[in-house]
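A short write-up of the structure that comes next.
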Amino acid sequence: MSDPPIKLPSGQVLTTRFPPIGERQPTPEALDPTTWRLEVRGEVEAPRTWSWEEFMARPQREREVDIHCVTGWSRLGTVFTGVPLAELLEASRPTADARFVRFEAYSARRHDTSLPLKVALEDTWLVHGVDGQPLGVKHGGPLRTLTPSRWFYKSLKWVHRIELLRDDQLGFWERESGYHNNADPWAEQEERYVHGDLSVPMLERFKQARRLDKYRGRVILHVDLRGWSPLDRDLRDLQLKNCDLRGADLSQVDLRGANLTRCDLRRADLRRADLRHADLEGANLAGADLRGADLSGALVTATRFFAALDGGTAQEPAQVEGLRWEGLDGLLEDAEVFLGANA
766 MSDPPIKLPS GQVLTTRFPP IGERQPTPEA LDPTTWRLEV RGEVEAPRTW
816 SWEEFMARPQ REREVDIHCV TGWSRLGTVF TGVPLAELLE ASRPTADARF
866 VRFEAYSARR HDTSLPLKVA LEDTWLVHGV DGQPLGVKHG GPLRTLTPSR
916 WFYKSLKWVH RIELLRDDQL GFWERESGYH NNADPWAEQE ERYVHGDLSV
966 PMLERFKQAR RLDKYRGRVI LHVDLRGWSP LDRDLRDLQL KNCDLRGADL
1016 SQVDLRGANL TRCDLRRADL RRADLRHADL EGANLAGADL RGADLSGALV
1066 TATRFFAALD GGTAQEPAQV EGLRWEGLDG LLEDAEVFLG ANA
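Just so you know, we're using the numbering used here here: the sequence shown kicks off at 766 and counts up by one.
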């Protein structure tokens, strides 16, 4: 009998790699065992601060889970080592008013995320090892949270503070980038992002703008830009997340540092576009024209350069002749093979 098909959340790509996502470096205190601390605060009867030695003295266990990242990749059967959050919180005794838990990182931007306390007690672990090895810094070591029932952005790198709350507080990605606060990969209605944030008149003004400078500081989410040919060809640092850009004319456009996470760019014209250090994580470039474009240093975790593989042959492949792709960050297996053979 053949193995049953692998079940993944809709829109996910399977990988055996463990791509780093988000920030890559914590503040220095996180990496020094003598200064590292884990604080438990908020709606608890007994606030507590754990040293690294005290935390590691607790019984450690292994847990095998599947990881699902909102950018579009899934890694199955990953074995983490650590401690269930519920066991750690027993020492601090949450009050009856505690309904949510907020995690804050050793991070220059004080990166944080939150969960309903019920979810966290059932599912969240504090982990320091992966697949038999210490958790690397770029993956959240020395200690991160792990909540596999939610998109991976709900699992916080470099955890420093655990705060129990009466009322929820949106985390960094939810506040700044419109990520969905519930973040269930298996939800019937997709819970990656909130809905579009431009009204129809605002969207039309954006599409017809001769200069786009005033839009560079905001995140534009989930809007319909099919067939768009921007009058201003300087799109540097624009954040167009989860947008529909099918068939857009972006030839020779300056997209350096732009964020096009999860954008649908199928059949877009990107000839000689400058995409250096752009964020294309989870973007769909099947059938796009990338001839002569420059993707050097771009983030491309779960980026799709073709629709599917049929007998080893890429269907609806992007045109990549003359594409520059030095130093791509996060390239998955099939995409690497495709670019190596065609670019």
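Yeah, the Cβ is synthetic: ideal placement off N, Cα and C, and Gly gets one too.
Computed from a predicted structure; not experimentally measured.
The C-beta separation of T781 from R840 comes to about 7 Å, placing the pair in contact by the 8 Å criterion.
Taking 8 Å as the upper bound for CB-CB distance, F865 and D933 are in contact here, some 5 Å apart.
Cβ contact annotation for R1001 (same chain, cutoff 6 Å, sequence separation greater than five): D1019, R1021, G1022, in chain order. Within the DSSP secondary-structure output, G1012 pairs in no beta bridge. Looking at the DSSP output, F865 sits in a beta bridge with P881, L930. Pairing R957 with G1012, the inter-Cα distance amounts to about 23 Å.
Between the C-alpha atoms of E939 and A1038 there is a straight-line separation of about 30 Å. Taking a C-beta distance under 8 Å as the contact criterion, D1059 and R1041 qualify as a contact pair.
Three or more beta-carbon pairs separated by less than 8 Å link the segment 778 to 798 to the segment 895 to 904, which places the two stretches in contact. Taking 8 Å as the cut-off, the beta carbon of L803 is found no closer than this to the beta carbon of L886. Sequence-distant partners of L882 (beyond 5 residues in either direction) whose C-beta falls short of 8 Å from its own C-beta, in its chain, are P859, A863, R864, F865, V866, L929.
When DSSP states are grouped into helix, strand and coil, F1070 belongs to the coil group.
Boundaries of the beta strand (DSSP E) harbouring K1006: 1004 to 1006, taken from the DSSP string. Q973 carries a helical assignment under DSSP once its states are collapsed to helix, strand and coil. Note: H833 is bridge-paired with S839 in the DSSP secondary-structure output.
When C-alpha distances from F783 are compared across T1066, F1070, F1071, A1073, the shortest belongs to T1066. A contact between stretches requires three or more CB pairs, one per stretch, nearer than 8 Å, and the segment 890 to 900 fails this requirement with the segment 806 to 816. Taking C-beta atoms under 8 Å as the contact rule, G837 and V778 qualify, at a distance of about 6 Å. The three-state reading of DSSP puts H1042 in coil, since its state is none of H, G, I, E or B. Contact check for I927 against F868 passes: the beta carbons are separated by less than 8 Å. Setting aside the 5 residues that flank it on each side, D877 is surrounded in the same chain by R867, F868, E869, A870, L921, Q934, G936, F937, each with a C-beta closer than 8 Å to its C-beta; the list follows chain order. When DSSP states are grouped into helix, strand and coil, E956 belongs to the coil group.
Excluding sequence positions up to five before and after L968, its CB lies within less than 7 Å of the CB of V988, all in the same chain and listed in chain order. In the three-state scheme derived from DSSP, where H, G and I count as helix and E and B as strand, L1025 is classed as coil.
For R802, the enclosing beta strand (DSSP E) begins and ends at 802 to 807. Annotation: V924 to T910 spans about 7 Å, alpha carbon to alpha carbon. C-alpha of L880 to C-alpha of W916: approximately 12 Å in a straight line. The three-state reading of DSSP puts W938 in helix, counting H, G and I together. Between V965 and T814, the alpha-carbon positions lie close to 50 Å from each other. Look at L986 here: in three-state DSSP terms it is strand. In its chain, beyond the 5 residues on either side, P774, Q777, S839, W916, F917, P950 have a beta carbon closer than 7 Å to the beta carbon of H833.
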